[in-house]
Amino acid sequence: MPDLTNQKKILIFGVFDGVHEGHLSFINEAREQGSQLVAIVTRDSMVEKMKGKLPKYNEVERIKNLLEIPEVDRVLLGDLDMGTYNILKEVAPDIVFLGYDQNELFDDLNLKIKEGYLNNIEILQGSPHKADTHHSSILNKKS
Numbered sequence: 001m002p003d004l005t006n007q008k009k010i011l012i013f014g015v016f017d018g019v020h021e022g023h024l025s026f027i028n029e030a031r032e033q034g035s036q037l038v039a040i041v042t043r044d045s046m047v048e049k050m051k052g053k054l055p056k057y058n059e060v061e062r063i064k065n066l067l068e069i070p071e072v073d074r075v076l077l078g079d080l081d082m083g084t085y086n087i088l089k090e091v092a093p094d095i096v097f098l099g100y101d102q103n104e105l106f107d108d109l110n111l112k113i114k115e116g117y118l119n120n121i122e123i124l125q126g127s128p129h130k131a132d133t134h135h136s137s138i139l140n141k142k143s
C-alpha cells in the first residue's frame with residue numbers, strides 16, 4: 001500500500017554535468033522529502049552564461065543520465081532566461097530542494113516568494129556530501 005502521508009512534488013535544479021556520488025546523495029536526500037522528484041537541468045546556454053564555458057556533457061546527455069536514476073521521476077530543461085522561474089510555475093512543486101552550495105538561488109527564490117512573484121513554495125537546502133571530494137568543479141579538474 002503506498003504511503004499517502006508524503007504525497008509532495010519535489011523539484012531540484014542543477015547542471016548535473018557528470019552525475020557523481022555527491023549528486024546521488026543530493027537526489028536521495030531530495031527524494032526523501034516527497035513522493036515525486038522532478039529534476040530541472042540547466043540549459044547549455046545558461047551554463048555558459050553562468051560559468052563562462054559549456055558543460056562537459058550537453059543538455060541531452062545530462063537529461064539521459066538523470067533519467068537512468070530510479071529516484072528521479074521526471075527531467076525537464078530549465079528556463080531560457082535566468083531568474084524568470086517559468087519552469088517553477090509550470091511544474092508547481094510543493095518543495096524546491098537545493099544543494100548545499102546553491103545559496104544565491106536559495107536567496108533569490110525566497111525573495112521572489114516574498115515579492116509575490118512566486119507562490120509560497122517551501123525552499124529547503126540539502127547537506128554537503130563529502131563536498132571537498134565530490135563537487136563537480138573538483139571532479140572536473142581531475143579529468
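The UniProt record's numbering puts the first residue of the sequence shown at 1, with every later residue one more than the last.
C-beta atoms are modelled at their ideal positions from N, C-alpha and C, and glycine is treated no differently.
In this structure, LYS112 is the residue among SER25, LYS112 and PHE26 with its C-alpha nearest to the C-alpha of THR84.
When secondary structure is reduced to three states using DSSP, ALA92 falls in the coil class, being assigned neither helix nor strand. Taking all protein chains in view, the Cβ of GLN7 is surrounded by fewer than 16 other Cβ atoms within 10 Å, so the residue is classified as exposed. Annotated three-state conformation of GLY14 is strand, per DSSP.
Bridge partners of LEU77 according to DSSP: VAL41.
Under DSSP, GLN125 forms a beta bridge with LEU98. Ranked by Cα distance from LYS9, the first of VAL19, ALA39, ASP17 and ASP79 is ALA39.
Between the alpha carbons of PHE106 and ILE69 lies a distance of about 25 Å.
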